[in-house]
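Written below as structure tokens is the structure these notes are about.
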Amino acid sequence: MQLMRNAIVVGGGLAGISAALALQDSGKWNIKLFEAGKTLGGRVSSITDNETGLKLDNCQHACFRVYDHFLQLVGRCGAQSSIKFQQKTNVKFTNPNTGVSGSLYDSKLKPPNHLAKSILKFPHLTFKDKLKMRKLVKKLSKMTEEERINLDDVSFEKWLKENGQTQNSIDVFWGFFVLAALNISVKEASTAQAAFLFRKGLFGNSDAFDVGAFAEDLSYIFENQISNTLIESGIEIYNSTKINSLIWNGEKYTGVKTSTEEFFADLIILATPHNITKKMLKDGPESTKIIYENLSKMNFNSLIGIHGLYNKKITKDDFHFTALINEPIIQMIFNRNFELNGEVSANIKQWLSIPVSYADHYIKYSKQDLEEEYKKVIGKIWPEHEKFLSKIVIVKTPNATFSTKIGSTKLRPDANEIIPGLILSGDYINNNWPSVMEGAVTSGLMAAATALNMDSWKNDDLWTNWPKPPRRGNQNWNKL
8 MQLMRNAIVV GGGLAGISAA LALQDSGKWN IKLFEAGKTL GGRVSSITDN
58 ETGLKLDNCQ HACFRVYDHF LQLVGRCGAQ SSIKFQQKTN VKFTNPNTGV
108 SGSLYDSKLK PPNHLAKSIL KFPHLTFKDK LKMRKLVKKL SKMTEEERIN
158 LDDVSFEKWL KENGQTQNSI DVFWGFFVLA ALNISVKEAS TAQAAFLFRK
208 GLFGNSDAFD VGAFAEDLSY IFENQISNTL IESGIEIYNS TKINSLIWNG
258 EKYTGVKTST EEFFADLIIL ATPHNITKKM LKDGPESTKI IYENLSKMNF
308 NSLIGIHGLY NKKITKDDFH FTALINEPII QMIFNRNFEL NGEVSANIKQ
358 WLSIPVSYAD HYIKYSKQDL EEEYKKVIGK IWPEHEKFLS KIVIVKTPNA
408 TFSTKIGSTK LRPDANEIIP GLILSGDYIN NNWPSVMEGA VTSGLMAAAT
458 ALNMDSWKND DLWTNWPKPP RRGNQNWNKL
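Under the numbering used here, the first residue of the sequence shown carries the number 8, and numbering increases by one thereafter.
Written out as structure tokens, the structure is:
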């Protein structure tokens, strides 16, 4: 009979949850999961608005069909009903000053040309823009991984200009997707990271960019389906338990310390944000020094969530979301009514959710300044909206995502057992993805694969024995 080994996972975000559940499911490990917060979820969280009782996510979240590992986790936890998927890619763009709208959508053409038809009709790009873009899409599709990684020290904006892209296509197309997905400006983004986004996402499989909308607040999913699944699997969860340091015996890491207790295990998976991981490794052995130095060079970028709550519906029932052209703060508008299961609440009839990406500058704005910007831009599209506006809730998250700045790829550590007894996890490790939910879950599975000695498993492989991610038409997943 095989003896069970014991592992401690530090961090109850998506990375820690995925690592813990994958190991526990193997039948070879007993897991203790430690989370400093009151609930699981890490930086993916919700707040409660005391006046309305609504649970508001810290920022508008969406997932995409290309998020294979995240969707496998959702399926493993039986939370399929919490996500509604587009059955055809459709990303709408609106110029609020002119009212002109156009969408990017897929067609029957094979990737990377599946968006070509919609790009040709796209009203916000000129014919010259589109002609130049076609050549670059072809170049991106033929780019090797070695070529991509070698562009880490190059600004994506600089690379785009060197490859003939117009300023308008950079502002409207390339820059928008970098801002929304990488949470950074196109000027500051690493080309290696941005190229991955377009190769894997927008110009990957024809259904890769189908939008998945959350039908519940994210705290509900973590506090119910995910937490219940972890408990049922046998994982011991320690919420509100901050790990202050790691225990090193001179040869390997053997445990962790809280302010009052010590816990020991055969293996520790440190699934914390890079700044917390850096603190944990500060007094570590010599072999952790390079990782510590690299983590010290990593940064965060900010997000702001703006929630407009109304006592009367102001949008059409079939309106889901739109990106806004040339609006630096109110970059996108989501209609949460369209996404939720059921009505918003008895008193709130309309809920607009605005994600402000790369909000490092705007996070310094006062609540009043952000409210005025919201009212002004929303008023361009729905002129009478203020008559029905009950309140605006603003949520600021300074350390929202790790920064995919120029040169950041080389700073990301691997998920290998860096020294005996310790494996790193978290969205910041070298999993190719930017700081998105898929990157976090992938990093957790990478840590689990390392612990299970799954040398043949690659980070773009599906996780064995977890449900497969949904394809279009899957009846077990809701449709938008």
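Heads up, the beta-carbon is just placed ideally off N, CA and C, and yes, glycines get one too.
On a predicted model such as this, the values are computed, not experimentally measured, just so you know.
Checklist entry - From Trp389, Asn483, Lys264, Gln357, pick the residue whose C-alpha is nearest to that of leucine 61; which is it? => result Gln357
Checklist entry - Do you know how far the Cα of phenylalanine 129 is from the Cα of lysine 146? => result 21 angstroms
Checklist entry - So the beta strand (DSSP E) isoleucine 313 belongs to, where does it begin and stop? => result 307 to 317
Checklist entry - Nearest to phenylalanine 307 by CA position, among Phe183, Ser364, Leu225, Met287, is which residue? => result Ser364
Next on the checklist: Please state whether the Cβ-Cβ distance between valine 402 and glutamate 334 is less than 7 angstroms.
Outcome noted: no
Item to check | Inter-residue spacing [alpha-carbon to alpha-carbon] between lysine 286 and threonine 408 | outcome: 18 angstroms
Checklist entry - In three-state DSSP terms, what is glycine 451? => result helix
Checklist entry - What are the start and end residues of the beta strand (DSSP E) that includes isoleucine 38? => result 36 to 41
Next on the checklist: Could you tell me the alpha carbon to alpha carbon distance between leucine 331 and alanine 187, rounded to whole angstroms?
Outcome noted: 12 angstroms
Item to check | threonine 4 to phenylalanine 92 span [Cα, whole Å] | outcome: Given a span of 8 to 487 for the chain in the structure shown, any question on residue 4 remains unanswerable.
Next on the checklist: DSSP has tryptophan 358 in a bridge; who is on the other side?
Outcome noted: Leu316
Item to check | Spatial distance of aspartate 160 from leucine 189 (CA atoms) | outcome: 16 angstroms
Checklist entry - Short check: CB of threonine 449 to CB of alanine 199, under 7 angstroms? => result no
Item to check | Opening and closing residue of the alpha helix (DSSP H) in which alanine 330 lies | outcome: Note, alanine 330: premise wrong, no alpha helix (DSSP H); beta strand (DSSP E) at 328 to 331.
Checklist entry - With a CB to CB cut of under 7 angstroms and the five nearest residues on each side skipped, what residues in its chain are close to aspartate 32? => result Ser240, Asn472
Next on the checklist: Just verifying my parser: in three-state terms, what is the DSSP assignment at glycine 208?
Outcome noted: helix
Checklist entry - By a C-beta neighbour count over all protein chains shown, 10 Å radius and 16 as the cutoff for buried, is methionine 8 buried or exposed? => result Reliability fails at methionine 8, whose pLDDT of 49 lies under 50, so the model's placement of it is uncertain and the value that follows must be treated cautiously. Exposed, because fewer than 16 other Cβ atoms sit within 10 Å of the Cβ of methionine 8.
Next on the checklist: Below 8 angstroms, how does it come out for the stretch 49 to 65 and the stretch 251 to 264: are there three or more Cβ pairs, yes or no?
Outcome noted: no
Next on the checklist: Does any residue of chain B have a CB that is nearer than 7 angstroms to the CB of aspartate 462?
Outcome noted: Among the protein chains of the structure shown there is no chain B, as only one such chain exists.
Item to check | Same chain only: Cβ atoms within 7 angstroms of proline 292, ignoring 5 sequence neighbours per side | outcome: Trp255, Ile426
Checklist entry - Using CA coordinates, which residue listed in Leu28, Phe210, Ala22, Lys95 is at the minimum distance from leucine 487? => result Lys95
Item to check | Of the residues Ala123, Glu154, Ile156, the one placed nearest lysine 142, counting alpha carbons only | outcome: Ala123
Checklist entry - Taking C-beta to C-beta, are tyrosine 317 and leucine 377 nearer than 7 angstroms? => result no
Checklist entry - Would the beta-carbon of cysteine 66 fall within 7 angstroms of that of proline 362? => result yes
Item to check | Coil, strand or helix - proline 378 by DSSP | outcome: Contrary to the premise, residue 378 reads as glutamate rather than proline in this sequence. If DSSP states are grouped into helix, strand and coil, glutamate 378 belongs with the helices.
Checklist entry - Of all the beta strand (DSSP E) runs that stay within the bounds of the stretch 66 to 151, which reach a length of 3 or more residues? => result 69 to 71, 90 to 92, 97 to 101, 108 to 112
Item to check | Assigned exposure category for histidine 368 - 16 Cβ within 10 Å defines buried | outcome: exposed
Next on the checklist: Can you look up phenylalanine 216 in the DSSP assignment and give me helix, strand or coil?
Outcome noted: coil
Checklist entry - Which whole-angstrom value describes the C-beta separation of proline 390 and leucine 78, a residue pair presumed to lie in contact below a C-beta threshold of 8 angstroms? => result Not a contact, Cβ separation roughly 39 angstroms.
Checklist entry - Three-state secondary structure (DSSP) at aspartate 64? => result strand
Item to check | Nearest neighbour of histidine 392, chosen from His131, Lys319, Leu277 [CA to CA] | outcome: Lys319
Checklist entry - Just checking, does the stretch 221 to 236 make contact with the stretch 343 to 353 on the three C-beta pairs under 8 angstroms criterion? => result yes
Checklist entry - Between Gly414, Ile336, Asn246, which lies nearest to lysine 304 when the distance is taken from Cα to Cα? => result Gly414
Checklist entry - Of all the options Glu195, Leu158, Gly262, Ile298, which has the alpha carbon lying nearest to the alpha carbon of glutamate 17? => result Here residue 17 turns out to be valine, not glutamate, going by the sequence shown. Valine 17 has its Cα closest to that of Gly262, out of Glu195, Leu158, Gly262, Ile298.
Item to check | Residues that DSSP places opposite alanine 14 in a beta bridge | outcome: Ile38, Leu274
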